[in-house]
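Chains as they are written, first to last, in my numbering: chain B, 399 to 851; chain R, 198 to 444.
Backbone N, C-alpha and C define an ideal beta-carbon position, used for all residues, glycine too.
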């Protein structure tokens, strides 16, 4: 026991003097968790709180296009900037290249006419199916004048069975321009919002046409608003195990993930420390002394397990106390403290076991540092720390299961996001124990193979 | 009384160099200052590694004070100290911190380590820098730390592999003086070096080995007299030739 205590003391002294290692293990992960969470939070706020600039060039003079722009504006997602009609595509391209906006919409000159034709065609089909096909046909002439809002009136200048008659100017699509740097996921979201605005405009037009055809009078504003805005509410519920209804936020996702990343990054200090000991001849002397080299390995495991626990403590403390100060959501710690400590210990053990393996098999410090750091980044990527695991498919989903970081993250998420207890993450705990046993077995084999024990 | 070190019928080879030692025998009596010499590639370092248990023999036995050297027999390791040619300690630690650690690994208790550390640092002139990091020391000071670690547990047998390589005359003189003192106090020395002048000062018995076999093995005075040589260098060249050894 005295030998082990003396060895731990030696390892702590060596570690304290390894300034680069300390930066890698403590400063870098703390900065990383702060920066990544801030960035993700900013991105979320950009979409949810701030408005995304959207250029709209309206070549149309009809009511539907104006209504579309008003609807887009009221969605609250975009800050609409209109470009004067006639300037067209060239101006849009210039302004996107200048990054004045990331998205732009070009409404074709016959936009309103196309909407009217489409809705009229649909209304005609609907009335035919109701057995009221004559209503629309009969009133075609009566409603030929401009509608109440200046646009084409219901059943107006478009033939009743308009499906067979082309709109003047042809079927020209609405064009969405985007800057190439815009991520696909964000582009899809914007596209969805624009589609919903388009659908709202078309639905309104359809409703008006149907109402007019049946009642031979304009749809009252109050009814129009009620029909179009009175939607079923959506209540979002995060399905947590402890029954809490708090929605998970970027902090709850990021803090556990980057804590695990930090723990596994001890490979840089521990792995290279083992190699340094092998190369500087210390291990040769140790092998001639009446103490098994296994004590040295055990001491490193205990010392660095302490380091990983300290990392977890510091990063969690930052999440709880520093994040709210810098405007980020506060970290909510799981209710099951024993579970949190046990899972943290297992994650730490797993990280240390991996680092020991790297240190034993690496021949040079460069190998330990290079392979160690790179492998952690790769294992983090396939383990779901950088990309959510639920969007992974095929081979990546299989590969994910080989990443120790995945099992660590899954166990932490069970506690942090799902509000679970230790018993709820037992399958992850079991997997982690098996991984630790496997890594320790490999380390032992390596020690024997390299004649170190 | 058992010899300090005894090799019986040793055979050993590397994968690329099988049969480096074949039926090799050597005995070093207790209390001697024994020098082991030979040209590069003669097998000195391999023999040193076999004697200290760093390498396992293919066949044959090595005994220290009658106890067989076996890979998993750690008790025999407390019978000897080893001062390797490489600086084998933690440069980021101070002499005291290194001695604390290696003392514990040598099987000593805390108070004994502290007493012996103070004594060694005084003898080897390191008391003033006891708490400074070794990485800032001169080559000679590092050699003294290397020696102090090897003898902290007062081993009855001390293996020394080039203990004075790269040091100045003063440090060499001090180290050789301390080794003589240790021997007078009862420590058997098994020493190897290319510093033949230094070896003449220190050793009372020598063995010259070449290509894994003993060329001569006797008292230094007897060998010089028998071969009509004035020094170890002349004897060395006479018995091993003047050709380069590219091994």
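Coil, strand or helix - residue 691(B) by DSSP: Here residue 691(B) refers to the residue found at position 293 of the first chain. Here residue 691(B) sits in coil by DSSP.
Let's see if you can read the secondary structure: which residues bound the alpha helix (DSSP H) around residue 223(R)? On the second chain, position 26 is the one that residue 223(R) refers to. Here residue 223(R) belongs to no alpha helix (DSSP H); instead the beta strand (DSSP E) covers 214-225.
Sort 705(B), 721(B), 707(B) by Cα distance to residue 648(B) and report the nearest one. By 1-based counting over the first chain, the position of residue 648(B) is 250. Among 705(B), 721(B), 707(B), the Cα nearest to that of residue 648(B) is on 721(B).
Go ahead and label residue 409(B) buried or exposed: buried means 16 or more other beta carbons lie within 10 angstroms of its beta carbon, across all protein chains shown. Numbered from 1 along the first chain, position 11 holds the residue referred to as residue 409(B). Buried, because 16 or more other Cβ atoms sit within 10 Å of the Cβ of residue 409(B).
C-beta contact flag for residue 429(R) and residue 393(R) at 7 Å: As a position in the second chain, residue 429(R) is number 232, starting the count at 1. As a position in the second chain, residue 393(R) is number 196, starting the count at 1. Yes, the pair counts as a contact, with Cβ atoms nearer than the cut-off.
Quick one: measure Cβ to Cβ for residue 573(B) and residue 501(B), integer angstroms, because I've assumed they're closer than 8 Å. Residue numbering aside, residue 573(B) sits at position 175 when the first chain is read from its first letter. Residue numbering aside, residue 501(B) sits at position 103 when the first chain is read from its first letter. Actually they are not in contact, since the Cβ atoms of residue 573(B) and residue 501(B) sit about 11 Å apart, beyond 8 Å.
Which residues in chain R have a C-beta closer than 9 Å to the C-beta of residue 842(B)? List them in chain order. Numbered from 1 along the first chain, position 444 holds the residue referred to as residue 842(B). Going along chain R, no residue has its Cβ under 9 Å from residue 842(B), so there is no contact; the nearest lies around 15 Å.
Against chain R, with Cβ distances strictly below 7 Å, would residue 697(B) count as a contact? Translated into the one-based positions of the first chain, residue 697(B) becomes position 299. It does not; no Cβ of chain R falls within 7 Å.
Quick check: what's the CA-CA separation for residue 658(B) versus residue 815(B)? Counted from its first residue, the first chain places residue 658(B) at position 260. Counted from its first residue, the first chain places residue 815(B) at position 417. Between residue 658(B) and residue 815(B), the C-alpha separation is close to 15 Å.
Closer than 8 Å is the cut-off here; do at least three beta carbon pairs connect the segment 224-231 of chain R with the segment 370-390 of chain R? yes
Which residues in chain B have a C-beta closer than 9 Å to the C-beta of residue 307(R)? List them in chain order. For the purposes of this step, residue 307(R) is identified with residue 110 of the second chain, where counting begins at 1. Residues of chain B passing the Cβ test: 400, 404.
Separation of residue 756(B) from residue 847(B), as counted between CA atoms: Counting from one through the first chain, the residue named residue 847(B) turns up at place 449. Counting from one through the first chain, the residue named residue 756(B) turns up at place 358. Looking at the two C-alpha atoms, the distance is approximately 14 Å.
Count the other C-beta atoms from every protein chain shown that fall within 10 angstroms of the C-beta of residue 631(B), then say buried if there are 16 or more, exposed otherwise. The residue labelled residue 631(B) in the question sits at position 233 within the first chain. Residue 631(B) comes out exposed.
List the residues that DSSP assigns as beta-bridge partners of residue 455(B). Locating residue 455(B) in the first chain gives position 57, where the first residue counts as 1. 481(B), 504(B).
Pick helix, strand or coil for residue 559(B), following the three-state DSSP scheme. Translated into the one-based positions of the first chain, residue 559(B) becomes position 161. Residue placement at residue 559(B) is poorly supported in this model, since its pLDDT is 44, which falls under 50; the coordinates still yield a value, given next. Note: residue 559(B) maps to coil in three-state DSSP.
Where does the unbroken beta strand (DSSP E) through residue 404(R) begin, and where does it stop? Position 207 of the second chain, counted from the first residue, corresponds to residue 404(R). First-last of the beta strand (DSSP E) with residue 404(R): 402-407.
What number of angstroms, rounded off, separates the C-alpha of residue 536(B) from the C-alpha of residue 584(B)? For the purposes of this step, residue 536(B) is identified with residue 138 of the first chain, where counting begins at 1. For the purposes of this step, residue 584(B) is identified with residue 186 of the first chain, where counting begins at 1. Its pLDDT being 46, under 50, residue 536(B) is placed unreliably by the model, and the measurement read from it follows with that caveat. Those two C-alpha atoms are separated by around 47 Å.
If residue 234(R) and residue 433(R) are in contact, beta carbons under 8 Å, what's the gap, nearest whole angstrom? Residue mapping note: residue 234(R) aligns to position 37 of the second chain, counting from 1. Residue mapping note: residue 433(R) aligns to position 236 of the second chain, counting from 1. Yes, they are in contact, since the Cβ atoms of residue 234(R) and residue 433(R) sit about 6 Å apart, within 8 Å.
So, using beta-carbon positions, are residue 455(B) and residue 433(B) closer together than 7 Å? For the purposes of this step, residue 455(B) is identified with residue 57 of the first chain, where counting begins at 1. For the purposes of this step, residue 433(B) is identified with residue 35 of the first chain, where counting begins at 1. No, these two residues do not count as a Cβ contact at 7 Å.
Bounding residues of the alpha helix (DSSP H) (the contiguous stretch that carries residue 208(R)): Against the second chain, residue 208(R) aligns to sequence position 11. Counting along the chain, residue 208(R) falls outside any alpha helix (DSSP H), though it belongs to the beta strand (DSSP E) covering 202-211.
Cutting at 8 Å between CB atoms, please list the residues of its own chain near residue 562(B), excluding the five before and the five after it. By 1-based counting over the first chain, the position of residue 562(B) is 164. Only weak support exists for where residue 562(B) lies, its pLDDT of 49 falling under 50; the coordinates are left without a value.
With distances taken Cα to Cα, identify the nearest neighbour of residue 222(R) among 414(R), 353(R), 331(R). Here residue 222(R) refers to the residue found at position 25 when the second chain is read from its first residue. For residue 222(R), the nearest C-alpha among the options comes from 414(R).
Proximal residues of chain B, C-beta to C-beta of residue 294(R) below 8 Å: In the second chain, the residue the question calls residue 294(R) occupies position 97. Chain B residues near residue 294(R): 408, 411.
Rounded distance between the beta-carbons of residue 475(B) and residue 449(B), thought under 8 Å: As a position in the first chain, residue 449(B) is number 51, starting the count at 1. As a position in the first chain, residue 475(B) is number 77, starting the count at 1. The Cβ separation is near 7 Å, so the contact holds.
Whole-angstrom C-beta distance between residue 303(R) and residue 407(B), which should lie under 8 Å: Start at 1 with the first residue of the first chain, and residue 407(B) comes out as number 9. Start at 1 with the first residue of the second chain, and residue 303(R) comes out as number 106. With 8 Å as the limit, residue 407(B) and residue 303(R) do not qualify as a contact, their Cβ atoms being about 16 Å apart.
Interface partners of residue 680(B) on chain R, CB under 7 Å: Your numbering for residue 680(B) matches position 282 in the first chain. Ordered by position in chain R, the residues that pass the 7 Å Cβ test against residue 680(B) are 285, 286, 287.
Quick check: the Cα distance between residue 838(B) and residue 665(B), rounded to an integer number of angstroms? In the first chain, the residue the question calls residue 838(B) occupies position 440. In the first chain, the residue the question calls residue 665(B) occupies position 267. Distance between the alpha carbons of residue 838(B) and residue 665(B) is about 15 Å.
If you count every other CB in all the chains shown that lies within 10 Å of the CB of residue 424(R), and 16 or more means buried, which is it? Residue mapping note: residue 424(R) aligns to position 227 of the second chain, counting from 1. Answer is exposed; the Cβ neighbour count stays below 16.
Neighbour-count burial assignment, residue 354(B), 16 or more Cβ in a 10 Å radius: Because residue 354(B) is not part of the residues shown, which for chain B are 399 to 851, the question remains open.
If you follow the alpha helix (DSSP H) that residue 416(B) is part of, which residue opens it and which one closes it? For the purposes of this step, residue 416(B) is taken as the residue at position 18 of the first chain. Neither: residue 416(B) is in no alpha helix (DSSP H) and is coded neither H nor E.
What residue from 427(R), 412(R), 421(R) has the CA that sits closest to residue 438(R)'s CA? Here the question's residue 438(R) lines up with position 241 in the second chain. It is 412(R) whose Cα lies nearest to the Cα of residue 438(R).
Note down, in chain order, each residue of its chain lying with its Cβ closer than 8 Å to the Cβ of residue 489(B), except the 5 sequence neighbours on either side. Position 91 of the first chain, counting from 1, holds the residue named residue 489(B). Closer than 8 Å at the Cβ level, and outside the excluded window around residue 489(B), lie 455, 481.
Could you check how far apart the C-beta atoms of residue 405(R) and residue 343(R) are, in whole angstroms? I think they sit under 8 Å. Taking the first residue of the second chain as 1, we reach residue 405(R) at position 208. Taking the first residue of the second chain as 1, we reach residue 343(R) at position 146. Not confirmed; about 26 Å, so no contact.
Run down chain B in chain order and give the residues with a C-beta less than 8 Å from the C-beta of residue 297(R). Position 100 of the second chain, counting from 1, holds the residue named residue 297(R). In chain order: 404, 407, 408.
Report buried or exposed for residue 341(R), applying the criterion of at least 16 other Cβ atoms within 10 angstroms of its Cβ. Here residue 341(R) corresponds to residue number 144 of the second chain, with the count starting at 1. Result: buried.
In terms of alpha-carbon separation, which member of 485(B), 576(B), 464(B), 616(B) lies closest to residue 510(B)? The residue you call residue 510(B) lines up with position 112 of the first chain. The residue with the shortest Cα to Cα distance from residue 510(B) is 464(B).
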